[in-house]
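Novice: Quick note on the working numbering: the sequence shown kicks off at 200 and runs consecutively.
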Amino acid sequence: MFLFLSPSVNGSLKGAYVSQVGQNADLPCTYSPATTENLVPVCWGKGPCPVFECYRLVLRTDGRNVTYQTSSRYLLKRDLHKGDVTLTIKNVTLADSGTYCCRIQFPGLMNDQKSNLELIIKPAKVTPAWTPWRDITTAFPKMLTTKGPVSETQTLEALHDKNQTEISTLATELQDMGATTRTGLYIGAGVSAGLALILISGGLILKWYSDRKEKIQNSSLITLANLSPSGLANTAAEGMHPEENIYIIEENVYEVEDPYKYYCSINSGQQS
Numbered sequence: 200m201f202l203f204l205s206p207s208v209n210g211s212l213k214g215a216y217v218s219q220v221g222q223n224a225d226l227p228c229t230y231s232p233a234t235t236e237n238l239v240p241v242c243w244g245k246g247p248c249p250v251f252e253c254y255r256l257v258l259r260t261d262g263r264n265v266t267y268q269t270s271s272r273y274l275l276k277r278d279l280h281k282g283d284v285t286l287t288i289k290n291v292t293l294a295d296s297g298t299y300c301c302r303i304q305f306p307g308l309m310n311d312q313k314s315n316l317e318l319i320i321k322p323a324k325v326t327p328a329w330t331p332w333r334d335i336t337t338a339f340p341k342m343l344t345t346k347g348p349v350s351e352t353q354t355l356e357a358l359h360d361k362n363q364t365e366i367s368t369l370a371t372e373l374q375d376m377g378a379t380t381r382t383g384l385y386i387g388a389g390v391s392a393g394l395a396l397i398l399i400s401g402g403l404i405l406k407w408y409s410d411r412k413e414k415i416q417n418s419s420l421i422t423l424a425n426l427s428p429s430g431l432a433n434t435a436a437e438g439m440h441p442e443e444n445i446y447i448i449e450e451n452v453y454e455v456e457d458p459y460k461y462y463c464s465i466n467s468g469q470q471s
């Protein structure tokens with residue numbers, strides 16, 4: 200919270216106090232009691248101090264304790280028993296702006312101590328998003344050391360031109376880096392997609408070949424199952440022909456003359 204003293208208005212405006220939305224604002228008001236037994240009532244109101252009491256009352260004390268407050272945001276956090284009745288407004292908003300009256304009600308007619316204090320609430324500062332250009336700009340010095348009678352305006356202009364050139368160069372480098380990165384990503388994605396396509400095609404070809412082989416085997420089994428017994432016999436006979444031919448050849452190789460042929464000739468001679 201910042202304090203700005205300003206000239207009094209009709210001897211009653213004590214100062215203007217500036218705070219930001221969300222902060223706590225303190226409006227000072229004090230008096231000096233002779234003893235702790237001589238404490239006097241105090242009231243705080245929003246608006247200039249009227250002739251009596253406080254307009255739009257926000258807080259009141261009986262001298263020793265707070266007896267009334269319109270909101271828990273209005274507090275007396277200082278040493279009330281030593282005459283420090285500074286008003287603290289917690290978590291201020293724009294609606295809290297305006298003039299506040301501190302009225303210390305000393306005994307006697309028209310003997311009150313009145314203080315008008317102006318509270319000014321400003322919007323909270325918004326932290327801007329980080330940008331590399333701001334950091335680059337602030338990284339350069341504010342002045343250039345040059346020799347000769349060079350004016351400050353020329354120096355600042357030269358610095359500005361240099362900063363702009365370096366910022367443009369950095370922006371170009373960042374764009375090139377981004378383009379290179381994107382190109383690498385595209386190439387990697389293309390290679391991955393190509394490998395995946397090859398694997399899928401290979402798997403489909405193997406599956407097609409396996410299915411075709413299985414279909415051929417099934418069709419052969421079905422054909423044999425549909426043949427009649429005679430057909431099966433013919434098929435078996437056709438399969439045996441080469442073996443019969445082999446046996447015939449072997450019989451021709453080992454054929455000998457019949458021994459009974461000569462035996463019959465000898466017997467016929469003895470009878471004659």
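The C-beta atom is built at its ideal place from N, Cα and C for all residues, glycine as well. A quick note: this is a predicted structure, and the numbers were derived from the prediction, not measured.
Let me confirm a value: Val-349 is counted as buried when at least 16 other C-beta atoms fall within 10 Å, else exposed. Which label applies?
Specialist: With a pLDDT of only 47 at Val-349, under 50, the local geometry of the prediction cannot be trusted, and the value read off the model is given with reservation. When all chains shown are included, Val-349 counts as exposed.
Novice: Which residues mark the beginning and the end of the beta strand (DSSP E) in which Asp-225 is found?
Specialist: Taken as a continuous stretch (DSSP letters only), the beta strand (DSSP E) holding Asp-225 covers 224-226.
Novice: By the three-class DSSP mapping on this structure, what secondary structure does Asp-410 have?
Specialist: Three-state result, Asp-410: helix.
Novice: Taking only three categories from DSSP, how would you classify Glu-443?
Specialist: Note on Glu-443: pLDDT 46, under 50, position unreliable in the model; the coordinate value appears next. In the structure shown, Glu-443 sits in a helix (DSSP, three-state: H, G or I).
Novice: Comparing the C-beta of Ile-397 with each C-beta of chain C, is any distance below 9 Å?
Specialist: The structure shown contains no chain C, having only a single protein chain.
Novice: Which residues share a DSSP beta bridge with Val-312?
Specialist: Position check: residue 312 holds Gln in this sequence, whereas Val was assumed. Beta-bridge pairing links Gln-312 to Ile-303.
Novice: Please state whether the Cβ-Cβ distance between Val-217 and Ile-319 is less than 9 Å.
Specialist: Contact: yes.
Novice: My assumption, with CB atoms under 8 Å, is that Cys-300 sits in contact with Tyr-254. Please give the rounded CB distance.
Specialist: Yes, they are in contact, since the Cβ atoms of Cys-300 and Tyr-254 sit about 7 Å apart, within 8 Å.
Novice: Distance check for Val-325 and Ser-314, CA to CA, integer angstroms please.
Specialist: Ser-314 and Val-325: Cα-Cα distance of roughly 34 Å.
Novice: Leaving aside the five residues before and after Ser-270 along the sequence, list all residues of the same chain whose C-beta is less than 8 Å from its C-beta, in chain order.
Specialist: Answer for Ser-270: Val-257, listed in chain order.
Novice: Check this for me: beta carbons of Thr-260 and Leu-275, under 9 Å apart or not?
Specialist: Result yes, Cβ atoms of Thr-260 and Leu-275 sit closer than 9 Å.
Novice: Quick one, are the C-beta atoms of Pro-232 and Lys-281 less than 9 Å apart?
Specialist: A contact, by the Cβ cut-off of 9 Å.
Novice: Helix, strand or coil, according to DSSP, for Gly-393 in the structure here?
Specialist: It is helical.
Novice: Identify the residues that DSSP records as bridge partners of Gln-268: which are they?
Specialist: DSSP output for Gln-268 lists Leu-258 as bridge partner(s).
Novice: Using only the heavy atoms of the ligand SAH, determine whether one of them is closer than 8 Å to the beta carbon of Ile-303.
Specialist: The model depicted lacks the ligand SAH and carries no ligand whatsoever.
Novice: For Arg-302, count neighbouring Cβ atoms within 10 angstroms of its own Cβ and tell me buried if that reaches 16, exposed if not.
Specialist: That one is buried.
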